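The opening residue of the sequence shown carries number 0 in numbering that gives the first Met the number 0; numbering runs sequentially from there.
Backbone N, C-alpha and C fix where the C-beta goes; we use that ideal spot for every residue, glycine too.
Note that the coordinates shown come from a computational prediction; the quantities given were computed from them, not determined experimentally.
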Amino acid sequence: MEKTFAIIKPDAVEAKNAGKILSRIEAEGFGIVALKKHEITKAEAEGFYAEHKGKGFFSSLVTYMTSGPILVMVLERDSAIAHWRAVMGATDPAKADAGTIRKEFGASIERNAVHGSANPADAAREVVYFFPAFELL
Ligand code: UDP
Ligand code: MG
């Protein structure tokens, strides 16, 4: 079993697509290890997306991620990182495969409904960025 970190982003929460996305997560065989609603601050969003600092989309991305509540979660299953990335689909919903969450619920390359860790090192960093150890029991 592997863990990954996921976010239901502000656009999807605002559009009331969170329940449908959680249903899909369960249908894909993930266990939900931890889940909470969070209003991310500007500093938290900048730190979370530090790898993208300096890129043209960075400040707009931070504004978007702080525009409303998000749902942060830790998901578990075999090959959780790769499987969740496959279920999410490509970053740009216009390029995402049919049947992916971003194709179904994403509005643009920025407002793309969900986040998923890219690799094991990112997953480890992202899980502890939002969850203290006692919330991961
Ligand atoms: N993003 C954006 N414009 C871009 C690329 C990315 O607004 O040209 C946003 C989008 O919300 C994306 C996030 O920045 O999900 C992080 O980008 P990354 O390349 O890491 O994509 P992801 O790993 O989320 O597929
Ligand atoms: Mg990424």
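Beta-carbon spacing of residue i, residue j below 8 Å
i, j, result
"residue 20", "residue 104", "yes"
"residue 5", "residue 113", "yes"
"residue 56", "residue 109", "yes"
"residue 97", "residue 89", "no"
Status (buried if at least 16 other CB within 10 Å, exposed otherwise) for residue i
i, result
"residue 125", "buried"
"residue 116", "buried"
"residue 80", "buried"
"residue 0", "exposed"
Backbone CA spacing between residue i and residue j [nearest angstrom]
i, j, result
"residue 119", "residue 2", "9 Å"
"residue 8", "residue 40", "14 Å"
"residue 63", "residue 35", "19 Å"
"residue 82", "residue 61", "26 Å"
"residue 129", "residue 102", "27 Å"
Of the listed residues the options, nearest to residue i (C-alpha basis)
i, options, result
"residue 84", "69, 100, 93, 11", "100"
"residue 46", "127, 98, 134", "127"
"residue 66", "92, 123, 10, 82", "10"
"residue 17", "136, 39, 111, 41", "111"
"residue 29", "76, 132, 97, 117", "76"
"residue 42", "123, 106, 58", "58"
"residue 122", "136, 78, 26, 92", "78"
ask   = So does the segment 47-56 actually touch the segment 68-83, counting three or more Cβ pairs closer than 8 Å?
value = With contact defined as three or more Cβ pairs closer than 8 Å, the segment 47-56 and the segment 68-83 are not in contact.
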